[in-house]
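Counting in full-length UniProt numbering, the sequence shown tops out at residue 382, every number present.
Note sheet for the following structure.
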Amino acid sequence: MIITGKTLAEQPIRIYTEAGIISQVEPIATTDTTSLPYIAPGLIDLQVNGFAGVDFNTLPLTKSGITHATEQMLSFGVTGYYPTIITNSDDNIYQLFSDFQQFKRNDAQLAQTLLGFHLEGPFISPNDGPRGAHNRDYVQAPNVSLVQKWYDASEGQLSILTLSPEWEDGLQETIEYCVAMGIKVSIGHSAATPDQIQQATQLGATMSTHLGNGCDLQIHRHHNYIWQQLAEDQLWTAIIADGFHLPPAVIKVILKAKQDQVILTSDTTAFGGMKPGRYQTHIGGDVILTEQGKLHLASNPELLAGSAKSVLDCINYLINSDLLSANSAWNKASYSPSSFMGLKNRGSLEVGQRADIVMLNKNDNGLSVLQTILAGEAVYTA
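What follows is the structure, given as structure tokens:
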């Protein structure tokens, strides 16, 4: 395959692929690039709870449902993602991991796009506010034996564990086990003290899950878990820039504080791409999806129930809010997550990388996908 276009940094290039790998990248000597489409590496989303009507946390899962959600994400430029399993019963979490792995074994496209798993809970804060839409009945203290059990069910693909370090029992051994097994420990849905945040990072936590969300509506102006996470140098910060989870000023501060350690994620749910209305969901009971795309608990509009946006929507929000250039915003959802997760062959348009490439159009509304290429093969065309 030969792909001609321009990068989001406005550099005209031609890319050659062979056997699903980028084999050559050469500049094009031209001054007129107006007719060229934009070319970017495939997006990588570290937090996907479902999409296009498919909930990744409701049993029974079906292969057709997972395939449909994946195909729809490919149409938004997402060539790799981490299905996110949230707080649930011990047995249900085990079953969800097992089902996903069964589907992957029998489907080449799923095997390429499902990069691992993100387990968000159940070791989170039991408090209203920090717990968010997670079911209180299943929240529990960290338990390394359970993590081992779930890691086995995922066939070693459990990649990220979000927990709250406010728990004392089981915290240290759980984090140490995760570090030893290569599982990224992320702090989220937490009411932890600054000292507890600091302890968790010293033990090996390396990320903040959707910082600024999954927390109390009111906190101490200085001594709180948001400031402490921003201050911890080793913590990467994942944010949801869908226009609802964080105001622009907060995003701007996070970008300044964390710079290259910011990861853009969607936290998208089964309601991504669905019509506005009132719905019943596993994660939070009754929820409302507004005309503007905000997804919140029916009982409290201030408590969000995840997102109904794609990571591409988040990129466009950053661009349209003048928070980042198109190139920088895209990198936060491609190169940055790839770098954090240690993916050696994804996230950039370089020789030797997988040919996971997105062709884009750019207008006043932002970026839109013209074509998605997975391992050198077109899998979506607008």
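Where is the CB? At the ideal position from N, CA and C, for every residue including glycine.
Quick caveat, the model's predicted, so the values are computed rather than measured.
Membership of TYR279 in the beta strand (DSSP E) is indicated by the continuous run 277-281.
Here HIS296 carries a strand assignment [DSSP, helix/strand/coil].
Distance from the CA atom of ASN361 to the CA atom of LEU297, rounded to whole angstroms, is 35 Å.
In the three-state reduction of the DSSP assignment, PHE56 falls in the coil class, being assigned neither a helical nor a strand state.
For ASN345 and ILE315, the gap between their C-alpha atoms comes out near 22 Å. A distance below 8 Å between beta-carbons, with the five flanking residues on each side excluded, links GLY204 to the following residues of its chain, in chain order: ILE175, GLU176, CYS178, VAL179, VAL185. Taking the Cβ atoms as the reference, PRO41 lies roughly 7 Å from ILE357, within the contact range of under 8 Å. Per the Cβ contact rule, the stretch 331-349 is in contact with the stretch 30-41 (3 or more Cβ pairs under 8 Å). Of the candidates GLY342, ILE2, SER299, LEU264, the residue whose Cα lies closest to the Cα of GLY129 is SER299. With a threshold of 16 other beta carbon atoms within 10 Å, HIS118 meets it and is buried. Closest option to GLY342, judged by alpha-carbon separation, among LEU115, GLY121, SER89: LEU115. For ALA40, the three-state secondary structure derived from DSSP is strand.
Judged by DSSP secondary structure, ARG105 falls within the alpha helix (DSSP H) whose first and last residues are 90-105.
The count of Cβ pairs closer than 8 Å, one atom from the stretch 44-61 and one from the stretch 77-86, reaches three, so the stretches are in contact.
Note on GLY156: under 16 other CB atoms within 10 angstroms of its CB, so exposed under the neighbour-count rule. Taking a contact to require three or more Cβ pairs closer than 8 Å, the stretch 189-206 and the stretch 148-155 do not qualify as touching. For ILE240, the secondary structure class from DSSP, reduced to helix, strand or coil, is coil. In its chain, beyond the 5 residues on either side, GLY50, GLY53, VAL54, ASP55 have a beta carbon closer than 6 Å to the beta carbon of ALA270.
Counting only the Cα atoms, LYS309 lies some 25 Å from ALA375. For the pair MET207 and ALA378, the Cα-to-Cα distance works out to about 33 Å. It is roughly 33 Å from the alpha-carbon of PHE100 to the alpha-carbon of ASP216.
When the alpha-carbon of VAL253 is set against those of ARG14, ASN224, GLY212, ARG221, the nearest one is in GLY212. Counting along the chain, the unbroken beta strand (DSSP E) around THR84 starts and ends at 78-86. Membership of MET359 in any alpha helix (DSSP H) is not indicated; the residue belongs instead to the beta strand (DSSP E) covering 357-363. Take the alpha-carbon of PRO276 and the one of GLU302: they are about 17 Å apart. DSSP places ARG346 in the coil class of the three-state scheme, outside both helix and strand. In the three-state reduction of the DSSP assignment, MET274 falls in the coil class, being assigned neither a helical nor a strand state.
Secondary-structure assignment with DSSP links ASP45 through a beta bridge to TYR81.
With a beta-carbon spacing of about 7 Å, LEU312 and LEU367 fall inside the 8 Å limit used to define contacts. Membership of ASP286 in any alpha helix (DSSP H) is not indicated; the residue belongs instead to the beta strand (DSSP E) covering 285-289. Straight across, the Cα-Cα distance linking GLN140 with GLN95 is about 18 Å.
Your pair SER159 and ILE183 checks out as a contact, with CB atoms roughly 6 Å apart and the cut at 8 Å.
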